[in-house]
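Undergrad: Sequence positions in the sequence shown follow the numbering used here and run 301 to 1158.
Ideal Cβ positions, reconstructed from N, Cα and C, are used throughout, including at glycine.
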Amino acid sequence: MELLKDMALAARLAKRELRGGFSGMRVFLACLALGVAAVCGVLSLAAGLRAGLAADAAVLLGGDVEVTASSLPLEAAPRRILERSGRVSRTLSMRAMVTAANDAGGPARRRGLVSLRAVDGSYPLLGRVELAPDMPLSEALAVREGIPGAAAAPELLSRLSLTVGDRVRLGGGVYEIRAVLVREPDRMVSFWGFGPRFLVSMDGLAATGLVRPGSLIRYAYRVALAPGVTHKALSGELEAAFPGHGWRVREAAGASPGLAGFFERLTAIMGLVGLSALLLGGLGVAGAVRGHLAARAMSLAAMRCVGASSRVLFLTCLAQILVLAGLGIGLGLGIGAAAPFVVSPLLGEVSPVRVVASVSFGALAVAAAFGLLTTLFFSLPPLSAAGRASPLALFRGYAEPFPGRPGRAVLAVAGVCGLCIAALSVAVTGDRRLGLGFVAVAILSALILRLVGAGLRRGLALIPAPGNPILALAVSGLRRPGNASAGVVASLGLGLTVLSGMALVDANFTDLTRRELPRTAPAYFFIDIQPAQLAAFEETVRAVPGVTAVHTAPNLRGRIVTVRGMDAEQANLDPDMAWVARGDRGMTFSRVPPENSVLVAGSWWPEDYAGPPQASMDAEAAAGYGIGLGDVVTLNVLGRRFDVTVTSLRRINWLSLGINYVMVLSPGALDGLPMTYLATAHIGGGTGGEGRDRDAAGETLFRAVSEKFPNVTAVDVGETLSDITAIAEKISLAVTASALATLAAGILVLAQTLGGALAGRSREAVILKVCGATRADILGMLAAEQAMAGAAAGAAALALGAGLSALFVSGYLKVPWSFHPVPALLTIAVAAALTVTLSLAGILRLLGGKSWPYLRNE
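#1: Determine the DSSP secondary structure at R316, reduced to helix, strand or coil.
#2: Judging by CA-CA distance, which residue of A1065, S800 and V789 is the nearest neighbour of A1092?
#3: Residues bridged to V365 by DSSP?
#4: Report the partner residues of L935 according to the DSSP bridge assignment.
#5: With a cut-off of 8 Å, do at least 3 Cβ pairs link the segment 1102 to 1112 to the segment 800 to 814?
#6: DSSP three-state label for I983, please.
#7: Starting from the C-beta of N855, find all residues in its chain whose C-beta is less than 7 Å away, skip the five residues before and the five after it, and write them out in chain order.
#8: What did DSSP end up calling M502 once you bin it into helix, strand or coil?
#9: Could you check where the alpha helix (DSSP H) with M1081 kicks off and where it finishes?
#10: Just to check my reading of the structure: I635 and A333 have Cβ atoms closer than 8 Å, yes? What is that Cβ distance to the nearest angstrom?
#11: Got a sec: does the ligand SAM put a non-hydrogen atom nearer than 7 Å to the Cβ of P448?
#12: Go ahead and pull the three-state DSSP assignment for R596.
#13: Below 8 Å on the Cβ atoms is my contact criterion, and I expect A919 with R950 to pass it. Report the Cβ-Cβ distance as a whole number of Å.
#14: Could you say which of A849, A1004, L734 and P906 lies nearest to P875 if we only look at CA atoms?
#15: Pull up the CB-CB distance for S415 and G495, whole angstroms please, since I reckon it's below 8 Å.
#16: Output yes or no for whether 8 Å exceeds the beta carbon distance between P845 and A981.
#17: From which residue to which residue does the beta strand (DSSP E) around S515 run?
#18: Evaluate G715 with the Cβ neighbour count: other Cβ atoms within 10 Å of its Cβ, from every protein chain shown; 16 or more gives buried, anything less gives exposed.
#19: Should M394 be labelled buried (16 or more other beta-carbon atoms within 10 Å of its own) or exposed?
#20: Taking 7 Å as the limit between beta carbons, can you name the residues of its chain near P454, skipping five residues before and five after?
#21: Is the beta carbon of V847 less than 8 Å from the beta carbon of G632?
#22: Quick one: Cα of E999 to Cα of T852, how far?
#23: Output needed for S679: all residues of its chain with C-beta closer than 7 Å, excluding positions within five of it in sequence on either side, in chain order.
#24: Helix, strand or coil for E476? Go by DSSP, reduced to three states.
#25: Per the contact definition of three or more C-beta pairs closer than 8 Å, is the segment 520 to 534 in contact with the segment 368 to 383?
#26: Note down, in chain order, each residue of its chain lying with its Cβ closer than 6 Å to the Cβ of T1013, except the 5 sequence neighbours on either side.
#27: CA-CA distance, A1200 and I983?
#28: In terms of residue numbering, what span does the beta strand (DSSP E) encompassing R467 cover?
#29: Mind the definition here: the segment 347 to 367 touches the segment 505 to 518 only if three or more C-beta pairs lie below 8 Å; say whether that holds.
#30: From S948 to V1017, what does the alpha carbon distance come to, in whole angstroms?
#31: May I have the straight-line CA-CA distance separating R868 from K1008, to the nearest angstrom?
#32: Please state whether DSSP places P854 in a helix, a strand or coil.
#33: Are L426 and V623 touching if we call contact CB-CB under 8 Å?
#34: Mapping DSSP to helix, strand and coil, what is V1012?
#35: Can you list, in chain order, the residues of its chain with a C-beta nearer than 7 Å to that of S725? Leave out the 5 residues immediately preceding and following it.
#36: Looking at the secondary structure, which residues open and close the beta strand (DSSP E) in which E430 lies?
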């Protein structure tokens, strides 16, 4: 009963206090609103993407059910089953080379890699192909005057300087470009396809000579199910009629698990950046609460004089903070909820999945919970000091800092809030390893930065005072108990840790794609080399001046069906390795271990091995499925189902971009199956060869192969890396945009911390002025003090950012990490600049105040 009376009294007092406005609490509102908006915005975008995937699943897949086969089309019997189940559309996808028909005498680069798709007359079953100029797809692909038509992506027209109406050569056939391919309804399923899209009719594809046994071709049969027919019934009928078939049957709900996983990872990373902004804003909340209590110290002392208990004072201040938190959270939710409506039109041209612009109440609830928990976690410890306000402040004329530490009850409640924040962080990311890593890193970073702040004070206490009186006063200011150096280092350091870490991640990725990969990668990949062409192909390539190495390997497509008798997808232990069994993978056989890999377990079979099928597997993929030496894996290669025994594990250097496979089989395991060959060619030691000579050799090689082997597709690795870099830059832009909230929160927190620190120095500044110090002396002293704290924060953030980026790059992205000094130096420069700029602004405002309000009480 007594508690209820105290709560009612505290509510009345808080209402009266709030009538005076929000003076001094603007940073509180801004920090909380910014952090909540960042979290809510990311979660709302993620919900919009998931809703887009779910709503358009059938359109994105191209039908209710899709049956895909590699290298060989379905025979008549399974096709009849599909046709009985509903309307069927057939497509064929592969990589090919397009050459401008008027290439003779034209520019050197008039050929390009395309992602070729041939479609039948029923395509698309759902949705509509958008063309420019607008016309029916059948009209664009029709044969006119003996020349079939094609629709090409705008990127291809730009690269080859083509326009609508021009003719191009595809293999052994000639096509006329009738329209620009603006959008395909099922574009998502090949989101990561290399090369611009090139759409032709299935009827005229035979004339190109590209469809040959063993070629890397993907046949897709989309079915719009008839009423009463279900995906489960169709799958069961296919399995019963053709047990052990090598086809992949998907329903609309699983249209593109790879793309869905990509968006989940992207939103998880952006979510962590948003959480960083919120937690950094929590420091601003703590600083604002301390500043609010300092400003209300005389009022709190007066309440104590008239009989208010410590609990009433605590509850009064808590009620005020909760009301302000409600305003800040509401503002943040409003901004975050608007994110899908703002971003959806911007993503329309770059994302294969539309963002459904709607209000996600789940995202609002989670973001609001984060905001409330963050407010309580960071405000309860300083709020507990309100009950320790001393009535003596009324007689001194000024208030000393509140003494004592938070009580056990307050610390227990704050601890529970911290645990809830950690649990929500893990739940929001959807990746336990990433979420727990974020929580651990946040705690460790906060502790380290606090230790750095305390170490700065103790370290300065051990050195002799400088001879310069201004520096001596600055050092003594940092040495004294109760100074704000720890708060400055923590608030500025946390923000700069995130920013420096992101800068180093971006620098490592940029260095990898623009320098390391081009230096070690081959100049060209060649695919679909027929076995009868292999000897002539190698001879042609080796005869080109500048070619330093040629590597070849047999290639066909197969699928891992079972692992130790268990369905492969169910046997998966690591979501990062789910792609291994998700669809068809490239497979090969070899008598010797492939290059760019190291045997880490087991032994390789003899070169003259002729026994039962064995396999050497990528060690990381094997661990993801719990596969060890001696385990049996069932494969399905072009309809042939057989078992292989894993006898060795390899660590593969995928970054070499050389020929390598998750699974390499022993000789004889693939005998009798149609296959083609892959090849790589290095020029001048890699794509990092000497400028003009390398380009000339590459053009000569390109022409020699494409003229003699029109069915062989040449993939320019340099262009491919440029495409990858372009995609990565778009991803980096999205993450950087979310990181701006962290920077803004860091600046606000720093402003709040410095403002509170300098407000506490006002009396000291007056005493120095009375003792003869000039404005320049005081300005120099305080600026030097804050600059030292800022430099310590920058150095700590540099070390932490480097460590975090190394963990993320090497541990999560699994690519080599290196330290880049330029982002590091920029981090320190930003730290010093922010600290000095904000310090000078606060100091000038401090020095502009009058001395008499302080002196009259002395």
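TA: So, from the listed chains and residues:
#1: Correct three-state label for R316: helix.
#2: Looking at the Cα atoms, V789 is the closest of the given residues.
#3: The partner list for V365 (beta bridge, DSSP) reads V523 and E551.
#4: Beta-bridge annotation (DSSP): L935 is paired with I860 and F942.
#5: Look at the beta carbons and you see the segment 1102 to 1112 touching the segment 800 to 814: at least three pairs across the two are nearer than 8 Å.
#6: In the structure shown, I983 sits in a strand (DSSP, three-state: E or B).
#7: If we look at N855 and ignore the five residues flanking it on each side, its Cβ neighbours are G886, T888, M975, T976, Y977 and L978.
#8: Here M502 sits in coil by DSSP.
#9: Element bounds for M1081: R1075 to A1106.
#10: About 7 Å separates the two Cβ atoms, so the contact holds.
#11: In terms of ligand content, the structure shown is empty, and the ligand SAM therefore cannot be addressed.
#12: Coil.
#13: Yes, they are in contact, since the Cβ atoms of A919 and R950 sit about 6 Å apart, within 8 Å.
#14: Measuring from the Cα of P875, the nearest candidate turns out to be L734.
#15: About 4 Å; that satisfies the 8 Å criterion.
#16: Contact flag unset, no.
#17: Where S515 is concerned, there is no enclosing beta strand (DSSP E), given that its DSSP letter is neither H nor E.
#18: By the 16-neighbour rule on beta-carbons within 10 angstroms, G715 is exposed.
#19: Flag for M394 reads buried.
#20: Non-local C-beta neighbours of P454 in its own chain, meaning closer than 7 Å and more than five positions away in sequence, comprise V480, ordered along the chain.
#21: Cβ atoms of V847 and G632: not closer than 8 Å.
#22: Cα to Cα, E999 sits roughly 20 Å from T852.
#23: The beta carbon of S679 is closer than 7 Å to those of V585, A586, V589 and I621 in its chain, skipping five residues each way along the sequence.
#24: It is a strand residue.
#25: Because the criterion of three Cβ pairs below 8 Å is met, the segment 368 to 383 and the segment 520 to 534 touch.
#26: Here the set comprises R395, A396, M397, I827 and D828.
#27: A question about residue 1200 goes unanswered here, because the residues of the chain that appear run from 301 up to 1158.
#28: Its beta strand (DSSP E) spans residues R467 to L470.
#29: Touching, no.
#30: A direct Cα-Cα distance of roughly 30 Å separates S948 from V1017.
#31: Per the sequence presented here, residue 868 reads as Ala, with Arg not at that position. Spanning the two alpha carbons is a distance of roughly 42 Å.
#32: In the displayed model, P854 falls within a strand according to three-state DSSP.
#33: Judged by their CB atoms, L426 and V623 are not nearer to each other than the 8 Å cut-off.
#34: V1012 sits in coil when the DSSP states are folded into three classes, being neither helix nor strand.
#35: When the five nearest sequence neighbours on each side are left out, the beta carbons in the same chain lying within less than 7 Å of the beta carbon of S725 are those of L575, G735, F738 and V739, in order along the chain.
#36: Looking at the DSSP string, the run of the beta strand (DSSP E) that includes E430 is E430 to A432.
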